[in-house]
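Going letter by letter, the sequence shown gives residues 1 to 305 in the UniProt record's numbering.
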Amino acid sequence: MPPKKTNKAAAKKVATEEKDDEVEAMNEEVKDDEDNDGSGRGKRQRREFKHYEPDDFTMISHNATIKAAALEEGRGTKLVDIECVKASIDKYKLNSDEFTNAYKFLFSRGVSNKKIMKQKLLEFNGYLPLVPEDQKKEQQEDEDENIETKYATKAFKMNVSQIKTLCEFFAVDLRGEDGKTLNKEKMIDRLLDFLSSPEESMVKEKVSSCTKKKAAPAPATKSKKKSPIKKRKSVTKNADPFSLLKDHKKGEDPSDAAIRQWVKAYIVCVDLDTATTKDAIAIASAKFGVEMKDKKARIKQLLGM
């Protein structure tokens, strides 16, 4: 039997199909290689991490409020616990100038959240901080003097109307012993005596009459107010606040306490709106009889310039 003839066309078709399959396989390998990083290793699959998202945003907001309202503990009574003062503060709108100015006087700057501002005001219990048990008396007096000078400087920069508004905001009693209105210096004394360590005995009236615009002075009320005020002044103020200035000998370097006393006298006698640091240094040099340029930073700090 003669050999069977091969169908060349069919063989060619099969070969072509096999070649196409090989080309397609090669193309798949090339595509896989393109996904590699060139080192022969496959591309590392990126791991998915779930970003932390707090579930309770209310708690975060609450914690932020507490942090913003945190205050250094003072030596007096919290304003929220002095009913007459709290009633006075509650009368003012949160966006009023009186409210903002009172806050800035105590804390130097305002915050955007008015409710936090009011909370801090009501929690305030004095700008003189509590004294640590291990702190020396001299160190405490120096620190108190620095703080007092800072607030006195701010107060003397204000006019009588502004001081009076602050006193009314904090319900500070402004009546003199003879019923006459106090001058600026005495108003500042009353205001700072109260804000340094708030006590109920320093405010206008007791709770029953704190909302009245005018109250008839009763003898019993006067007698109650006289003794605390005198007692407070005897504790917080020296008999002569400028004794170091009077005893200082010209030509000697002044102590820091003497410089603080000079600053107190300077802010009473000079218009700080027009005065410059250069003027203050020149006057201090003439007063103490020594060049005070090296004390410029300290004087500038005490003057709040």
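Note that the Cβ used here is the ideal one computed from N, Cα and C, for glycine as well.
> What does V203 pair with, by DSSP beta-bridge criteria?
Replying inline: As a first step, residue 203 is located in the sequence shown; it is residue number 203 there, counting from the start. V203 pairs with V172.
> What did DSSP end up calling T77 once you bin it into helix, strand or coil?
Replying inline: As a position in the sequence shown, residue 77 is number 77, starting the count at 1. It is coil, neither helix nor strand.
>> Taking 7 Å as the limit between beta carbons, can you name the residues of its chain near I147, skipping five residues before and five after?
In response: Working through the sequence shown from its first residue, we reach residue 147 at position 147. Excluding residues within five positions, the ones whose Cβ falls inside 7 Å are Y127 and L128.
>> Looking at the secondary structure, which residues open and close the alpha helix (DSSP H) in which V85 lies?
In response: Walking along the sequence shown from the start, residue 85 turns up at place 85. Here the alpha helix (DSSP H) through V85 covers E83 to D90.
> Nearest to N202 by alpha carbon, out of E145, R175 and S96?
Replying inline: Here the question's residue 202 lines up with position 202 in the sequence shown. Position check: residue 202 holds Met in this sequence, whereas Asn was assumed. Among E145, R175 and S96, the Cα nearest to that of M202 is on R175.
>> Here's a check: name, in chain order, each residue in its chain whose Cβ is nearer than 8 Å to the Cβ of D144, leaving out the five neighbours to either side.
In response: As a first step, residue 144 is located in the sequence shown; it is residue number 144 there, counting from the start. Around D144: L128.
> When burial is assigned at 16 or more other CB atoms within 10 Å of the CB, is E291 buried or exposed?
Replying inline: In the sequence shown, residue 291 corresponds to position 291, counting from 1. Result: exposed.
>> Just to confirm before moving on: does the CB-CB distance between F84 and K204 stay below 9 Å?
In response: Looking up residue 84 in the sequence shown gives position 84. Looking up residue 204 in the sequence shown gives position 204. One detail in the question is off: residue 84 reads as Cys in this sequence, not Phe. In contact: C84 and K204 (Cβ atoms closer than 9 Å).
> DSSP puts P129 in a beta bridge; with which residues?
Replying inline: Here residue 129 is taken as the residue at index 129 of the sequence shown, counted from 1. Beta-bridge pairing links P129 to G74.
>> On the DSSP letters alone, give me the boundaries of the alpha helix (DSSP H) that N101 sits inside.
In response: The residue labelled residue 101 in the question sits at position 101 within the sequence shown. Segment D97 to F107, the alpha helix (DSSP H) holding N101.
>> Does P132 pass the burial test, meaning 16 or more other C-beta atoms within 10 Å, or should it be called exposed?
In response: Position 132 of the sequence shown, counting from 1, holds the residue named residue 132. Result: exposed.
> To which residues does DSSP link T181 through a beta bridge?
Replying inline: Counting from 1 along the sequence shown, the entry for residue 181 is found at position 181. Partner(s): R175.
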